Each structure stands twice: as structure tokens, then as C-alpha cells.
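Working notes, structure below.
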Amino acid sequence: MATLALSGTLPARADEAFITSQPAEMLSIVDLASRKVVATLPIPGKPAGIAVSPDGARAFVTSPDGKALTIVDAASRTITHRVEVGGGPLGVAVHPSGSPAYVADWYQHRIVAVDAASGAVTGEVKVGNSPSGLAVTPDGALLLSADRVSDAVSVIDTLTLTRLASIPVGARPFGVTIDAAGRRAYSANVASNDVSVIDIAARKVIATVKVGQRPYAVALAGGRAFVTDQYDSTVSVFDVATLATLATLPVGDYPEGIAASEDGAFVYVANWEANTLSVIDTATLKVVDDIAVADGPRAFGAFIRRTGR
Numbered sequence: 001m002a003t004l005a006l007s008g009t010l011p012a013r014a015d016e017a018f019i020t021s022q023p024a025e026m027l028s029i030v031d032l033a034s035r036k037v038v039a040t041l042p043i044p045g046k047p048a049g050i051a052v053s054p055d056g057a058r059a060f061v062t063s064p065d066g067k068a069l070t071i072v073d074a075a076s077r078t079i080t081h082r083v084e085v086g087g088g089p090l091g092v093a094v095h096p097s098g099s100p101a102y103v104a105d106w107y108q109h110r111i112v113a114v115d116a117a118s119g120a121v122t123g124e125v126k127v128g129n130s131p132s133g134l135a136v137t138p139d140g141a142l143l144l145s146a147d148r149v150s151d152a153v154s155v156i157d158t159l160t161l162t163r164l165a166s167i168p169v170g171a172r173p174f175g176v177t178i179d180a181a182g183r184r185a186y187s188a189n190v191a192s193n194d195v196s197v198i199d200i201a202a203r204k205v206i207a208t209v210k211v212g213q214r215p216y217a218v219a220l221a222g223g224r225a226f227v228t229d230q231y232d233s234t235v236s237v238f239d240v241a242t243l244a245t246l247a248t249l250p251v252g253d254y255p256e257g258i259a260a261s262e263d264g265a266f267v268y269v270a271n272w273e274a275n276t277l278s279v280i281d282t283a284t285l286k287v288v289d290d291i292a293v294a295d296g297p298r299a300f301g302a303f304i305r306r307t308g309r
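The UniProt record's numbering applies: residue 1 is where the sequence shown begins, and numbers increase by one.
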């Protein structure tokens with residue numbers, strides 16, 4: 001299909017944040033060195049979910065209202081494919097190899113696999129009710145799905161697209177995050193105001209950590225978990241070893257998407273109602289900046305592009 005170029009200047013030589021803004025129908029690209037928006041791209045269909053491939057080559061954006069997945073060439077700032085996946089695409093994750101992308105279909109209770117290069121749908125697997133957040137283990141073997149209405153996390157074999165297990169967690173899990181070792185996962189449970197800590201190999205919850213009201217997603221950095229508490233407009237921080245609460249940090253209104261820099265020095269928070277991206281210094285546990293972005297940023301997923309430059 002024809003490509004659509006981004007507006008704006010070329011990015012600085014630094015990692016970037018790809019921020020979906022739902023009501024604005026916009027993807028904002030933020031240079032994380034200068035902390036400025038360096039490019040924007042219109043995305044129809046109320047974009048919400050985002051996943052940047054580990055190599056930084058592509059970004060994948062879900063549009064729940066548009067029933068589509070948009071594939072963006074991250075370096076050239078162009079759309080390469082818009083894939084009609086049907087249902088209500090929300091969460092998205094990418095295999096560590098860069099393909100396929102996995103899309104959570106909220107309405108049809110399934111995960112759809114999409115080839116990154118061609119945009120072809122290559123398979124699907126049924127999961128629990130209303131899958132939202134997705135994450136893939138670092139070795140690429142397993143895909144986890146937060147099945148919100150089922151109060152569970154599904155475990156899927158990526159090679160066969162087979163559902164291997166359903167792990168009961170807290171009430172209404174939304175975001176799910178896997179640690180760098182691929183051993184533990186963390187589900188943010190919106191209705192029970194807690195985070196379930198999952199032993200992936202054992203396929204069971206081994207701990208539950210209370211956080212603020214309506215937690216939506218979790219980022220990991222420096223041995224700590226950072227959790228967006230949407231109704232409190234805060235980020236809860238706890239130690240992943242001791243599970244002790246370390247801090248509660250005020251951010252903008254209705255925080256949702258959250259991700260850590262590659263070195264763990266900063267955590268970035270998309271504030272849905274404040275129209276900002278908050279920057280948290282993980283050493284001081286202080287908000288050090290707020291970056292203005294387009295209206296209604298959700299950035300639900302892995303939104304940091306590692307440029308490697």
C-alpha cells in the first residue's frame with residue numbers, strides 16, 4: 001500500500017518514545033534526549049496500544065475503533081501496512097525476533113498474529129475474555145495475555161499458537177509485564193488495586209502487592225516495579241525482591257502507559273487526561289520533567305524505541 005510520511009524533523013540521535021493519543025488520533029514521537037516531540041503521524045481509529053520491536057525497526061499501533069493494526073517503519077517515519085484485524089484490537093506485543101506482532105482482540109477473545117514485513121495475518125489463538133495487555137518472554141517462547149474479564153493471564157506457546165495455561169490473578173488485569181530474565185510476570189489488576197506477581201515456569205501467582213486505585217500497567221527498572229494508578233494520578237513503586245512499597249509519586253491525571261529506559265535511569269509515564277509524558281528519575285524517585293504530547297495519550301505497551309546509536 002502507499003506510505004504516509006510523518007510530519008516533523010528527523011530525530012536526534014537518542015532513544016525515542018512512540019506515544020499513541022486516542023482522541024487526537026495521533027502518534028507522537030518524542031526524542032528522549034531533548035525531551036521534545038520531533039514528529040507526529042495521524043493514526044485513524046482511536047489508537048491506543050503500541051509496541052516497538054526490540055531492534056527499533058518498526059512500531060505497531062492498534063486502533064480499537066478502526067479494528068486495525070498500523071505498522072510503522074520507525075526510521076523512515078512511514079506507514080507500511082494497515083491491517084484489518086476485526087473485533088477490538090487493544091494490546092500488542094512483538095516477538096523478540098521482530099516478527100510476528102501479536103494483537104489482543106478485546107471483543108472476540110483471541111490473539112491474532114501478524115507478519116511484520118507483509119502485514120499478513122498468520123494465525124490466531126483463543127484466550128480468556130477481553131484480552132488487553134500482552135508480553136512475550138525474552139526467549140520468544142511464550143506469550144502472556146491479561147484476560148481482563150476472566151481475571152486471569154493466559155500463557156501461549158508462540159511456536160504453535162497454543163494456549164498452555166490460564167493463571168488466576170487479581171480482579172480485571174489490564175497490563176502485563178515480564179522481567180528481563182523471563183522468570184516473573186507482573187499483572188496490574190484494575191479492580192482489586194493490586195499487582196499479581198507470577199512465577200512463569202510454575203504458572204502460578206506467588207505474591208500480591210497492593211498499590212493505588214485502578215492500576216493499569218507496570219514498568220521494571222533497577223530492581224523496582226513502577227505501577228500507574230489511574231484514579232490516584234500516581235505511580236506506585238515497590239521493590240521486586242522484598243515487595244516493600246518504596247514510594248508513591250504524583251504524576252499527571254489518569255496515567256496509563258509506562259515504560260523504562262534501556263539503562264533503567266528513567267521511567268516514562270503517559271498521562272491520559274493531562275496530555276503529558278512524565279519523566280521519573282529512578283535514582284531519586286522524583287518526576288523531573290513533563291513533556292506535552294497530543295490529546296489523550298495512552299501509550300499502552302512497549303513504547304520505547306531503542307535506537308542503538
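Ideal placement from N, C-alpha and C gives every residue a C-beta, glycine not left out.
Quick caveat, the model's predicted, so the values are computed rather than measured.
In the displayed model, residue 192 falls within coil according to three-state DSSP, outside both helix and strand. Looking at the DSSP output, residue 204 sits in a beta bridge with 199. Assignment of beta-bridge partners to residue 25 by DSSP yields no partner. In the DSSP secondary-structure assignment, residue 301 is bridged to 50. Boundaries of the beta strand (DSSP E) harbouring residue 42: 36-42, taken from the DSSP string.
Inside the region 78-129, DSSP marks whole beta strand (DSSP E) runs of 3 or more residues at positions 78-84, 89-94, 101-105, 110-114, 121-126, from first to last along the chain.
Rounded to the nearest whole angstrom, the C-alpha separation of residue 72 and residue 248 is 35 angstroms. Nearest C-alpha to residue 63 among 77, 100, 141, 105: 105. Here residue 213 has 193, 229, 230, 231, 232 as same chain residues with Cβ atoms under 8 angstroms from its own Cβ, once five neighbours each way along the sequence are excluded. The straight-line gap separating the alpha-carbon atoms of residue 253 and residue 274 is approximately 5 angstroms. In this structure, the beta-carbon distance from residue 190 to residue 209 does not fall below 8 angstroms. Between the region 175-185 and the region 129-145 there are three or more C-beta pairs closer than 8 angstroms, enough to call the two in contact.
Exposure of residue 289 is indicated by the presence of fewer than 16 other C-beta atoms within 10 angstroms of its C-beta.
Per DSSP, reduced to three states, the secondary structure at residue 183 is coil, with no helix or strand assignment. Inter-residue distance for residue 67 and residue 46 is about 10 angstroms (C-alpha atoms, whole angstroms).
Per DSSP, reduced to three states, the secondary structure at residue 269 is strand. Considering only 201, 160, 270, the residue with the shortest C-alpha distance to residue 293 is 270. Here residue 122 is not near residue 143, since their CB atoms are 8 angstroms or more apart.
Around the beta carbon of residue 223, fewer than 16 other beta carbons lie within 10 angstroms, which makes this residue exposed. In the three-state reduction of the DSSP assignment, residue 149 falls in the helix class. Scanning 255, 131, 88 for the CA closest to the CA of residue 151 turns up 131. Between the alpha carbons of residue 55 and residue 74 lies a distance of about 10 angstroms. When DSSP reads this structure, residue 64 sits in no beta bridge, so it has no partner. Taking the CA atoms as reference points, residue 259 sits about 24 angstroms from residue 201. Nearest Cα to residue 171 within the set 164, 163, 148, 76: 148.
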